[in-house]
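Input: a single structure, listed below in structure tokens.
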């Protein structure tokens, strides 16, 4: 099962991230997780939100370039070595990871959520599930 991630391309300038969050706030869209990668001239804001389809349309309507990408969400115990186990499982299956980032959904649960963009999403999800990892499903994230 995959989660919809929105990637928004923005200029590397003061206020660019504010432009993105303003659209989300004005449309009552809640960010669940985000990551920013930047170069000299532009950045990519990666978002997991509670209403991905609505967010995609609102962001595009505001003139931003938005791409929807499937990612895998994995629920992990917040203990040393757990993420290493995920990486090791994917390594043994020869599945390449493009990028990853983490977030916590509820404080005090001692759980971490890892979002993974991999070369073969369906195969990676199957390999991780077979190894006993808990994958996030859209209902864990979305309100749509």
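Numbering (this note's numbering), first residue to last: 13 to 156. Built from N, CA and C at the ideal position, the CB exists for glycine as well.
Same chain, Cβ closer than 8 Å to residue i, five either side skipped, listed in chain order
| i | result |
| --- | --- |
| residue 123 | 87, 88, 89, 90, 116, 117 |
| residue 53 | 23, 24 |
8 Å contact criterion, which residue i and residue j should meet: CB distance rounded
| i | j | result |
| --- | --- | --- |
| residue 148 | residue 85 | 3 Å |
| residue 18 | residue 67 | 6 Å |
| residue 62 | residue 125 | Not quite, the Cβ-Cβ distance comes to about 14 Å (not below 8 Å), so this is no contact. |
| residue 107 | residue 141 | With a Cβ gap of about 13 Å, residue 107 and residue 141 do not count as contacting. |
| residue 32 | residue 15 | Wrong, their Cβ atoms sit about 19 Å apart, outside the cutoff. |
| residue 22 | residue 57 | 6 Å |
Residues near residue i by beta carbon distance below 7 Å, same chain, minus five either side
| i | result |
| --- | --- |
| residue 72 | 78 |
| residue 111 | 129 |
| residue 42 | 61, 62 |
Residues that residue i bridges to, as DSSP identifies them
| i | result |
| --- | --- |
| residue 130 | 109 |
| residue 125 | 87, 115 |
| residue 146 | 87 |
| residue 23 | 54 |
| residue 153 | According to DSSP, which records beta bridges pairwise, residue 153 is partnered with nothing at all. |
| residue 16 | 82 |
Residue i versus the options, residue with shortest Cα-Cα distance
| i | options | result |
| --- | --- | --- |
| residue 50 | 139, 24, 43, 70 | 24 |
| residue 138 | 98, 32, 111 | 98 |
| residue 134 | 38, 81, 70 | 81 |
| residue 69 | 48, 104, 39, 29 | 39 |
| residue 30 | 96, 52, 76 | 76 |
| residue 132 | 109, 95, 144, 65 | 109 |
| residue 47 | 152, 60, 105, 144 | 60 |
| residue 143 | 100, 64, 65 | 100 |
Chain-order list of residues whose beta-carbon lies under 6 Å from that of residue i (same chain, five-residue window excluded)
| i | result |
| --- | --- |
| residue 74 | 35 |
| residue 114 | 124, 126 |
| residue 28 | 22 |
| residue 13 | 147, 149 |
Taking only runs that begin and end inside the region 30-114, name each unbroken beta strand (DSSP E) of 3 or more residues, in chain order.
43-50, 54-61, 77-89
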